[in-house]
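Numbering (UniProt numbering), first residue to last: 1 to 989. Notes follow once the structure below has been shown.
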């Protein structure tokens, strides 16, 4: 029934092992495949050496002590002036350090008094307006106009027009930090009010984690406190401190008086940030991303993480718009050993080498390049160099590491000559704009420095690797991984419907279990994925900041999305949104001079035809009678009318819709096989169990020790991790239910009971670490083996039981400071970290786990026995591991055989009506109800029903349409919604 593309022999696989030559047009160099392979080896070896040197115990300790000192200074600043109090401290340096710890740290102090959402539900929202597009100020900047009570509080930092001045706020912060450095309080984290200040290591988080924490009620928060019986902050008198007020924030230069750390100096930058739980309207991200893009879901999820107005730049009353949480979400999509993260590490290492050359030269030149520029170029390349998920998987494999690095470096020369690099989120903002002290020669010198670095790489790549065993091991592992990706691509393409049915395109038929399955084209899994895309697209529309937004409680219009009104206009709104996206994508990507010349005419014709299509939909009787309670039913209707429009209007609509729908179908088909993995990452059972635990402790219904033992017995991973921390040392746990209500509890075990507790609760499992013979950790197979060993030491099932998390990290190196362990192991930080994909390859999911998912789904019912043979037996892994070392190959085969022995479930029951419903695929763990104490707690049925209704796709359509409508008429008893005819050019007036 399906195409047979998998019958490729060793001749075809031999082609997979070759890298194409790379031509650098700006540097005017050509790298042959052998040079690119040599560079892959050089980059891997350099990074390994850098990581070993960067993991020096003294450097890690210096960074840890510096962070605790920053906590003390910021807590004291908040005590001296409550307006600068911040319950959390945002670590912003991890995204710009990669796997290589540096001597530069950066933090954002979130001004809780001005930020939204407030840290507690009872706190009032600040009153101010945000003006994004002011012609007198540069792009990516906004102004804050204070109102009423907020103006009274911050009046000394506002100008005559009521606008909050960045320079005055920052000057006040620098003044407070200087006073804090001379103050003797707080000398201990135990003397800090944790409900409004950040003194514990568990509350140092990245921006993405903080966004998720703020959505959890405060009575469900649990953090790890500082270690030691009498914890103390570092004394500022033990350091040499220099605090400077710069346009780039408050800069601290910290040197140590201790002889142990006297060789280190840490550079700290503290930025003032005002958190806004909205997305800026002045950016075209993610609106420019089509539904068929490989990372469409990732980008739309990232765009729901809000923004920060940061004190940065020379503008006195303008605040820079930054999206650190969105950047964290995108970067955390990839694991530390993935090709994407490795490219970033290599680029950062190249930047250091370029800086060294600048210092050696006699010619004086200014530094122009920085890490954020390289990060922007990588993000831009990830977005633009994308075709299909299967091709992207191959194009970003480890074998093409050097290719991407060289292409980005060559592009760097070009942008330096043009002095222009648009900000990734704001295209009108130039990252290479001349700040005033640069001249043309500075950009030319910097471009020449990059070119000289590329030439050095060219010369180094000419070295002979004959007889180098380590080189051959790396090449063998890269070839094996590339062959695996090719085989996965062929497997996915074999599952495509035959070309003969493409003319029908859309045909639903009943299956044996009486479910509608589009077996000839769109499968249920594809439509679930498309529904998930549409849901996130609409969610982004609901959080976009409106013009001159007024932040206050009164400005939030709460509209019931479940009113008795026909949903036809909501369906039209969603359909037009998709068609407009297809039109804009078609016109933006055209290079044909004729089409470019007639762009306005093509756009007008497309809009006119869309208006006629809308009239046809409004007159359709079947459309009026549909209820759209099922998300899949709405997806079917949308797809039906898109294909119908393409078929009925071959002159104007078809040329635009056909490539768009073709890309959407291909992308949804490839990604739908990772749907189980996507849904598993959306699972919140662990977070909910932790929340119940915290709530019961705050209500004094249980003690932390009782709840912890009960949770361990119920197999909750956060509880096992917490118990391991208690076994190693005394653990201080902090519960914060409300403002001024802080509960600190110490968990410990008597020394004679620690071994006994380990044996009885977690089993007597020896913690042995196997040393693999694979050359480095930056390949897929070594990652699989490392995860397996970690999971075995934790006595958890690996990638078998419904893709359960393989186990939290507890294998920190011996030189890791206790502060860092407590910070990274804090329950909320740990659980939220597991919601990130951290995959090895581009795209979604994991090949090994997706193969297991196919086995559980019994794919033979869909794709026939021939395709199932390659799935159920995992033959592709057996074939591609032949080049690996024998010990590692046997271990991987043992893992595959274990996975094959797991019997798939017979039930084909899918999710119910709404998306994402990830709770349906979770492991069988008991709900956290310790003994009888929580027996009386019940969720309100009506509230739950309202939540489920508001989470439907049609409900999101209604909410997004209302938000975009500038003329909503509200009445006391009822309301009427006008059609959004004036919101889209595609509508007929």
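Here a beta-carbon is modelled for each residue, glycine too, at the ideal position from N, C-alpha and C.
In this chain, the beta strand (DSSP E) harbouring residue 143 covers 141-146.
Going by DSSP, residue 252 is part of the beta strand (DSSP E) stretching over 249-256. Distances from the alpha-carbon of residue 850 to those of 733, 678, 685 put 678 closest. DSSP places residue 58 within a helical segment (H, G or I) once states are collapsed to three.
Looking at 84, 74, 466, 299, the one whose alpha-carbon comes closest to that of residue 537 is 299. In terms of Cβ geometry, residue 829 and residue 209 form a close pair [threshold 8 Å].
Rounded to the nearest angstrom, the gap between the Cα atoms of residue 605 and residue 546 is 30 Å. Across the structure, residue 33 and residue 19 are spaced so that their CA atoms are roughly 5 Å apart.
Here residue 212 has 832 as same chain residues with Cβ atoms under 6 Å from its own Cβ, once five neighbours each way along the sequence are excluded.
A direct Cα-to-Cα measurement between residue 470 and residue 422 gives close to 41 Å.
In the structure shown, residue 433 falls within a coil segment according to DSSP collapsed to helix, strand and coil. With respect to the 8 Å criterion, residue 631 and residue 531 are classified as neighbours on the basis of their beta carbons. In terms of Cβ geometry, residue 233 and residue 71 form a close pair [threshold 8 Å]. Per DSSP, residue 115 has no beta bridge partner at all. By the 16-neighbour rule on beta-carbons within 10 angstroms, residue 588 is exposed. Here the alpha carbons of residue 328 and residue 646 stand approximately 39 Å from one another. Three or more beta-carbon pairs drawn from the stretch 134-149 and the stretch 423-435 are found closer than 8 Å, and the two stretches are therefore classed as touching. In this structure, the straight-line span from the alpha carbon of residue 202 to that of residue 824 is close to 7 Å. If you look at residue 402, you'll find it in the alpha helix (DSSP H) that goes 401-418.
In this structure, the beta-carbon distance from residue 338 to residue 845 does not fall below 8 Å.
Beta-carbon to beta-carbon, residue 62 and residue 174 are separated by about 23 Å, too far to satisfy the 8 Å threshold. A Cβ-Cβ distance of about 13 Å is found for the pair residue 247 and residue 169, leaving them out of contact under the 8 Å criterion.
For residue 843, the three-state secondary structure derived from DSSP is coil. With a minimum length of 4 residues, the unbroken runs of alpha helix (DSSP H) contained wholly in the stretch 167-241 fall at 207-213. One thing to note: residue 718 has its Cβ no nearer than 8 Å to the Cβ of residue 675. In this structure, DSSP gives residue 158 an extended state, which the three-state scheme calls strand. In this chain, residue 668 is not harboured by any beta strand (DSSP E); it is covered by the alpha helix (DSSP H) spanning 654-672. Residue burial is scored here from C-beta neighbours: residue 226 has at least 16 other C-beta atoms within 10 angstroms and is therefore classed as buried. Its Cα nearest to that of residue 42, the residue 463 stands out among 58, 261, 720, 463. In the three-state reduction of the DSSP assignment, residue 302 falls in the helix class. According to the DSSP assignment, residue 333 belongs to no beta strand (DSSP E), since it is labelled neither H nor E. Annotated three-state conformation of residue 716 is coil, per DSSP. Remark: three or more beta-carbon pairs, one from each stretch, lie closer than 8 Å, so the stretch 338-352 and the stretch 402-419 are flagged as touching. Within 10 angstroms of the beta-carbon of residue 101 lie 16 or more other beta-carbons, which makes it buried.
Comparing alpha-carbon positions, the option among 119, 594, 55, 220 lying closest to residue 274 turns out to be 119. With a threshold of 16 other beta carbon atoms within 10 Å, residue 192 meets it and is buried.
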